[in-house]
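>
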Amino acid sequence: MAATAMCTVQLGSALTVPLFGQLGALGTAGLRLGWAGLILLVAIRPRPRDFSSRDLLACMVLGLVTAGMMVFFMQAIARLPLGTASALEFLGPLTVSLFGPRKGRLIWAAAAATGVVLLTEPWHGGTDPVGVGSALLAAGCWAAYILLTQRVGDRVTGLKGLAVSMPVAAVVGLAIAAPGLAERVTWSPLWTMLGLAVLSPVIPFALEFLALRHLTTSAFGTLMSLEPAIALMVGLLVLGQRPGTAATLGLVPGSRGRGQRRRHPRRCPSRGTLRTGTSSAV
1 MAATAMCTVQ LGSALTVPLF GQLGALGTAG LRLGWAGLIL LVAIRPRPRD FSSRDLLACM
61 VLGLVTAGMM VFFMQAIARL PLGTASALEF LGPLTVSLFG PRKGRLIWAA AAATGVVLLT
121 EPWHGGTDPV GVGSALLAAG CWAAYILLTQ RVGDRVTGLK GLAVSMPVAA VVGLAIAAPG
181 LAERVTWSPL WTMLGLAVLS PVIPFALEFL ALRHLTTSAF GTLMSLEPAI ALMVGLLVLG
241 QRPGTAATLG LVPGSRGRGQ RRRHPRRCPS RGTLRTGTSS AV
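For the sequence shown, position 236 matches number 236 in the UniProt record's numbering, and the numbering has no gaps at all.
Structure below.
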């Protein structure tokens, strides 16, 4: 589920880039969140009695974090290659993975930092500082998203928590995008964004929501190390963004990782470990 989510997120992001010229980065983010929130609200129909006041608050905070993650990442890929933006954003789940029990986390962090430097190539002086800053803010939101998604998923059955958080994200995203969106949007891109919203974020966020019930946040964060490599390949195949030699070296395959399953007495009674393939961070 996590691997499928990574692929659909990057494909959806790549297919969104051509719409930046008409809708802008904020407009595309707002419309994707708007459609996603409406789809999940209608499909799942969460009821207030399904939530405690504390769980409802957690869902709302998750919605704010989700909006930040989407808006900042759209701003980043409008200014940076998809692979570079994803590598910087990956620092969020990397930080989460460092708090796990597995030994050698600092080695993985050093590998990730090296990969990020190779992908951004700061010695050329051509990296867009706004794009880098946006990607780093998206990274912070992604780290919070992982932790909050697991908490909400553990306490709320099914996808009801997502059906509350995503409409909150939709309201926030549309409010941010509204000033510049009203004069740009037409029916054609509006319906296009509906399809892209299903591809990302509806499908990947639902899969991540379910995956985090079976994986620890540390294992999930480590598994996300594959995403920058997926982003670079999608950027090459869909957008024609050819990475340089240094950027390619930033995607060095690592050894096989071993992520721990959740040990939850109510939902995950099985014990043991789950093997997953990882890459050396970036």
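Every residue gets a Cβ at the ideal spot worked out from N, C-alpha and C, and that includes glycine.
If contact is defined by three or more beta carbon pairs under 8 Å, each pair taking one atom from either stretch, is the region 127-135 in contact with the region 57-77?
yes
> In chain order, what residues of the same chain have a beta carbon less than 7 Å from the beta carbon of Thr149, not counting five sequence neighbours either side?
Reading the sequence shown from its first residue, position 149 is the one you call residue 149. So the list reads Leu62, Glu208, Phe209 and Leu212, once near-sequence residues are dropped.
> Should residue 328 go down as buried or exposed, given a rule of 16 or more other Cβ atoms within 10 Å for buried?
No answer is possible for residue 328: the residues shown for the chain start at 1 and end at 282.
> Can Ile39 and Ala163 be called in contact, C-beta distance under 7 Å?
By 1-based counting over the sequence shown, the position of residue 39 is 39. By 1-based counting over the sequence shown, the position of residue 163 is 163. No, Cβ-Cβ distance for Ile39 and Ala163 is not below 7 Å.
> By DSSP, does Leu98 sit in helix, in strand, or in coil?
Residue 98 sits at position 98 when you count from the first residue of the sequence shown. Coil.
> Hey, how far is the Cα of Ile176 from the Cα of Leu19?
Residue 176 sits at position 176 when you count from the first residue of the sequence shown. Residue 19 sits at position 19 when you count from the first residue of the sequence shown. Approximately 17 Å, taken between the alpha carbons.
> Go ahead and label Ala5 buried or exposed: buried means 16 or more other beta carbons lie within 10 angstroms of its beta carbon, across all protein chains shown.
On the sequence shown, residue 5 is found 5 positions in, with the first residue counted as 1. With 16 or more other Cβ atoms within 10 Å, it is buried.
> Kindly give me the distance between the Cβ atoms of residue 371 and Cys59, rounded to whole angstroms, as I take these residues to be in contact under 8 Å.
Since the first and last residues shown for the chain are 1 and 282, residue 371 lies out of range.
> I believe Leu41 touches Pro228 by the beta-carbon criterion, under 8 Å. Please report the beta-carbon distance rounded to the nearest angstrom.
Counting from one through the sequence shown, the residue named residue 41 turns up at place 41. Counting from one through the sequence shown, the residue named residue 228 turns up at place 228. The pair is not a contact, with the Cβ atoms about 32 Å apart (cut-off 8 Å).
> On the DSSP letters alone, give me the boundaries of the alpha helix (DSSP H) that Gly63 sits inside.
Position 63 of the sequence shown, counted from the first residue, corresponds to residue 63. Per DSSP, Gly63 belongs to the alpha helix (DSSP H) from Ser53 to Ile77.
> Give the DSSP bridge partners of Leu136, in chain order.
For this step, residue 136 is matched to residue 136 along the sequence shown. DSSP, once it has assigned bridges, lists no residue as partnering Leu136.
> Quick one: which unbroken alpha helix (DSSP H) runs of 4-plus residues sit fully inside the UniProt domain "EamA" (131-253)? Chain order, please.
Whole alpha helix (DSSP H) segments, 4+ residues: 160-181, 187-197, 203-211, 217-223, 227-239 and 245-249.
> According to DSSP, is residue 302 helix, strand or coil?
A question about residue 302 goes unanswered here, because the residues of the chain that appear run from 1 up to 282.
> Given that a residue counts as buried once 16 or more other Cβ atoms are within 10 Å of its Cβ, and exposed if not, what is Trp35?
What you label residue 35 is simply residue 35 of the sequence shown in a count that begins at 1. Within 10 angstroms of the beta-carbon of Trp35 lie 16 or more other beta-carbons, which makes it buried.
> Please state whether DSSP places Leu80 in a helix, a strand or coil.
Position 80 of the sequence shown, counted from the start, is the residue given in the question as residue 80. Here Leu80 sits in coil by DSSP.
> Between the Cα of Val172 and the Cα atoms of Ala2, Leu31 and Ser200, which residue gives the shortest distance?
If you number the sequence shown from 1, residue 172 lands on position 172. The closest CA to that of Val172, considering only Ala2, Leu31 and Ser200, is found on Leu31.
> Helix or strand or just coil, what does DSSP make of Thr4?
If you number the sequence shown from 1, residue 4 lands on position 4. Looking at Thr4 - three-state DSSP - the assignment turns out to be helix.
> To the nearest angstrom, how far is it from the Cα of Arg49 to the Cα of Ala143?
Within the sequence shown, residue 49 is the residue found at index 49, counting from 1. Within the sequence shown, residue 143 is the residue found at index 143, counting from 1. One Cα belongs to Arg49, the other to Ala143, and the distance between them is close to 29 Å.
> Residue range of the alpha helix (DSSP H) that Ala49 falls in?
Along the sequence shown, read from residue 1 onward, the residue named residue 49 stands at position 49. Note that residue 49 is Arg in the sequence shown, not Ala. That residue, Arg49, is in no alpha helix (DSSP H); it is neither H nor E in DSSP.
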